[in-house]
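Visitor:
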Amino acid sequence: MDDCKQLSEFYDAYALGALDGPELAEIEAHLARGCPNCTPGVAEARGVVAQLAHLAPDAQPPAALRARILAAATSIAATAPASRTSASVRVERRASLFPSWAWAMAAALLLVTGYSIHQTRQLDRQLSAVERDLREGQAQRAAIESEREHYEMAMEILAAQDTKSLELMPKKAAMPPVQAYWNPKMGLLMMAANMPQMPSNMTLQLWMVPKKGAPMSVGIFRPDGQGHVMMVAAPDAPMTEIAALAISEEPAGGSVQPTSTPVWVGPLS
Amino acid sequence: MERLCERDSAALGSIYDRYSRMVYSLALRIAGQPGAAEEIVQDVFLKLWNSAASYRAERGPLGPWLCTLARNRALDYLRLKREKQRRREDSMEGDLRLSVSAPDPETLAAQSQRAMRVRASLSELPEQQQRAIELAFFEGMTHSEIADALAEPLGTIKSWIRSGLLRLRESLANQ
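Protein sequences, first through last, are from chains E and F.
Each step along the first sequence adds one to the number in the numbering used here, with nothing skipped, and position 143 is 176.
Each step along the second sequence adds one to the number in the numbering used here, with nothing skipped, and position 113 is 118.
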């Protein structure tokens with residue numbers, strides 16, 4: 034089977050991670066030899082398989098995550114160079130030509146300066162603590178800024194003249210209605226109060242029910258401690274193709290298709 | 006991508022704004038825990054930040070690479086198999102040079118359209134066939150494991166996955 038044409042049949046399954054047994058061993062051994070045909074073929078298959086990520090229910094990362102990642106990246110950049118420059122490579126090459134007496138002198142110098150380094154490290158630790166506090170402050174400010182943008186977007190959707198409002202009515206007694214506002218250009222805003230608390234292994238999931246075809250996930254959400262919900266999302270489908278919005282209870286992480294009867298439904302008439 | 010190599014955090018912010026939702030959704034679907042999904046997203050974007058200087062802009066979109074990396078991390082989290090994680094990362098390094106580039110000019114609308122195409126192409130498959138592909142992609146199962154889980158012959162599972170991915174390829178090619 035050690036032939037590129039035959040192996041090409043397995044690119045997709047290999048990229049998916051589904052191959053096992055002798056087929057997996059065969060293609061891995063082949064790729065390990067750096068095959069110029071199969072290596073790019075598998076890379077291309079990975080790109081195709083990655084598109085399956087679109088099947089995951091849409092979920093909004095927490096606003097604070099962006100600030101946390103950027104703060105961490107800034108911290109890394111401050112402590113490590115971006116890349117090994119050609120100059121640094123040249124220095125390394127020249128270093129290998131140093132005679133042994135030069136190394137001995139360098140070692141002696143290190144001993145002499147050892148005490149100073151000890152003192153400097155203490156100061157560095159204090160400085161690092163101050164810098165860490167500063168970064169945390171910056172991250173908090175960025176999180177607040179992101180939250181503010183979120184609310185501004187919600188206000189813009191509410192204020193726009195071409196925004197369509199609808200009410201999702203509960204199918205269970207003693208549940209509050211959910212308000213939705215959909216603007217074809219700006220997105221979908223969903224708000225509710227007095228929502229029930231969800232167990233940790235469950236989540237609520239908002240769906241678009243198209244006039245034709247299977248429901249499409251808009252996103253997952255959980256009420257906060259006071260039962261409030263506010264979600265802004267960019268639906269994947271035009272409003273004209275959607276018959277209704279619905280909310281169902283799903284396992285944590287959401288589902289590709291609803292696994293329970295919707296608890297709230299609102300027609301988009 | 007050049008700005009990323011120069012340690013411009015604003016460039017990382019722009020890439021995050023474009024892809025974080027897709028990466029987070031995928032990580033959450035696989036890992037099932039918001040905390041773990043956040044860690045995976047952070048891991049993915051810091052990997053990009055740290056790797057940016059090791060390659061130059063080549064052809065190919067950044068999104069699939071980020072998704073592949075997020076999926077691998079999430080599956081590793083799911084399985085807790087450190088040895089497997091190292092092997093995957095090694096293979097990912099090779100792909101980085103081949104398939105990663107600066108963010109393409111693809112708009113958010115085009116991303117949404119692609120998402121619809123992917124869902125539409127697979128939603129036409131029989132339910133069990135969809136399930137087989139989901140088990141492979143989101144649960145990291147192999148052909149044999151899926152055959153056991155769905156109580157179907159191994160050959161049937163291979164055929165389902167192969168034809169399902171061919172359909173996906175055709176759908177993407179017709180864009």
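Quick reminder that beta carbons are idealized off the backbone N, C-alpha and C, glycines included.
Residue 107(E) versus chain A: which residues are under 7 Å apart at the beta carbon?
Guide: The structure shown contains no chain A; the protein chains it does contain are E and F.
Visitor: With DSSP run on the structure shown, which of helix, strand or coil describes residue 197(E)?
Guide: strand
Visitor: How big is the Cα-Cα spacing for residue 102(F) and residue 177(F)?
Guide: Any answer about residue 102(F) is weak, because its pLDDT of 39 lies below 50 and its placement is not dependable; what the coordinates show is given next. About 23 Å.
Visitor: Is the Cβ-Cβ distance between residue 263(E) and residue 187(E) less than 8 Å?
Guide: Between residue 263(E) and residue 187(E), the CB-CB gap stays under 8 Å.
Visitor: Straight-line CA distance for residue 87(E) to residue 240(E)?
Guide: 15 Å
Visitor: So is residue 130(F) in contact with chain E if we call contact Cβ pairs under 8 Å?
Guide: no
Visitor: CB residue 219(E) to CB residue 211(E), shorter than 8 Å?
Guide: no
Visitor: Between which two residues does the alpha helix (DSSP H) containing residue 77(E) stretch?
Guide: 71 to 83
Visitor: Tell me residue 43(E)'s beta-bridge partners as DSSP assigns them.
Guide: Note: residue 43(E) sits in no beta bridge, so no partner.
Visitor: Determine, for residue 158(F), whether the minimum Cβ-Cβ distance to residues of chain E falls below 8 Å.
Guide: no
Visitor: For residue 261(E), collect the residues of the same chain with a Cβ closer than 6 Å to its Cβ; drop the 5 residues on either side in sequence, then sort them by chain order.
Guide: Its chain contains 226 as the residues whose beta carbon lies nearer than 6 Å to that of residue 261(E), once the 5 sequence neighbours on both sides are disregarded; these appear in chain order.
Visitor: Compare the C-beta of residue 91(E) against all C-beta atoms of chain F and say whether one is closer than 8 Å.
Guide: yes
Visitor: By the 7 Å beta-carbon criterion, what residues does the region 17 to 31 of chain F contribute toward chain E?
Guide: 17, 18, 21, 25, 26, 27, 29, 30, 31
Visitor: Given that a residue counts as buried once 16 or more other Cβ atoms are within 10 Å of its Cβ, and exposed if not, what is residue 293(E)?
Guide: Under this definition residue 293(E) is an exposed residue.
Visitor: When the Cα atoms are used, what is the spatial distance from residue 23(F) to residue 69(E)?
Guide: 33 Å
Visitor: Considering only the alpha carbon of each residue, which of 97(E), 278(E), 279(E) lies closest to residue 182(E)?
Guide: Of the candidates 97(E), 278(E), 279(E), the one whose C-alpha sits nearest the C-alpha of residue 182(E) is 97(E).
Visitor: Return the residue from the list 161(F), 159(F), 83(F), 165(F) that minimises the CA-CA distance to residue 130(F).
Guide: 165(F)
Visitor: Could you have a look at residue 266(E) and say whether DSSP puts it in helix, strand or coil?
Guide: strand
Visitor: Does chain E have any CB closer than 8 Å to the CB of residue 165(F)?
Guide: no
Visitor: Assuming residue 142(F) and residue 85(E) are in contact, meaning their beta carbons sit under 8 Å apart, how far apart are those beta carbons, in whole angstroms?
Guide: 5 Å
Visitor: For residue 166(E), which option in 109(E), 215(E), 213(E), 104(E) has the closest C-alpha, if you only look at C-alpha atoms?
Guide: Sorting 109(E), 215(E), 213(E), 104(E) by C-alpha distance to the C-alpha of residue 166(E) places 104(E) at the top.
Visitor: Chain F beta carbons: is any one of them nearer than 8 Å to that of residue 190(E)?
Guide: no
Visitor: Can you give the Cα-Cα distance for residue 186(F) and residue 273(E), rounded to whole angstroms?
Guide: A question about residue 186(F) goes unanswered here, because the residues of chain F that appear run from 6 up to 180.
Visitor: What are the residues of the region 40 to 56 of chain F that lie near chain E, defined by any Cβ-Cβ distance shorter than 7 Å?
Guide: If the cut-off is 7 Å between Cβ atoms, the region 40 to 56 of chain F has 43, 46, 47, 50, 51, 54, 55 near chain E.
Visitor: The alpha helix (DSSP H) spanning residue 27(F) covers which residue range?
Guide: Judged by DSSP secondary structure, residue 27(F) falls within the alpha helix (DSSP H) whose first and last residues are 14 to 36.
Visitor: For residue 87(E), return the contacting residues in chain F, with the cut-off set at a CB-CB distance below 7 Å.
Guide: 119, 120, 123, 124
Visitor: Identify whether residue 233(E) lies in helix, strand or coil by the three-state DSSP scheme.
Guide: In the structure shown, residue 233(E) falls within a coil segment according to DSSP collapsed to helix, strand and coil.
Visitor: Between 8(F), 173(F), 71(F), 77(F), which has its C-alpha nearest residue 146(F)'s C-alpha?
Guide: 77(F)
Visitor: What residues are listed by DSSP as bridge partners for residue 239(E)?
Guide: 252(E), 280(E)
Visitor: Chain E partners of residue 152(F), CB-CB under 8 Å?
Guide: The contacting residues do not exist; residue 152(F) stays about 10 Å from chain E at best.
Visitor: Using only the alpha-carbon positions, how far apart do residue 154(E) and residue 160(E) sit?
Guide: 10 Å
Visitor: Exposed or buried, what is residue 163(F) when buried is set at 16 or more other beta-carbons lying within 10 Å of its beta-carbon?
Guide: buried
Visitor: If you count every other CB in all the chains shown that lies within 10 Å of the CB of residue 225(F), and 16 or more means buried, which is it?
Guide: Not covered by the structure: residue 225(F). The range shown for chain F is 6 to 180.
Visitor: May I have the straight-line CA-CA distance separating residue 286(E) from residue 243(E), to the nearest angstrom?
Guide: Distance between the alpha carbons of residue 286(E) and residue 243(E): 22 Å.
Visitor: Can you find the residues in the same chain that come closer than 6 Å, C-beta to C-beta, to residue 79(E), ignoring five residues on each side of it along the sequence?
Guide: 48
Visitor: Which two residues bound the contiguous beta strand (DSSP E) that contains residue 211(E)?
Guide: 211 to 216
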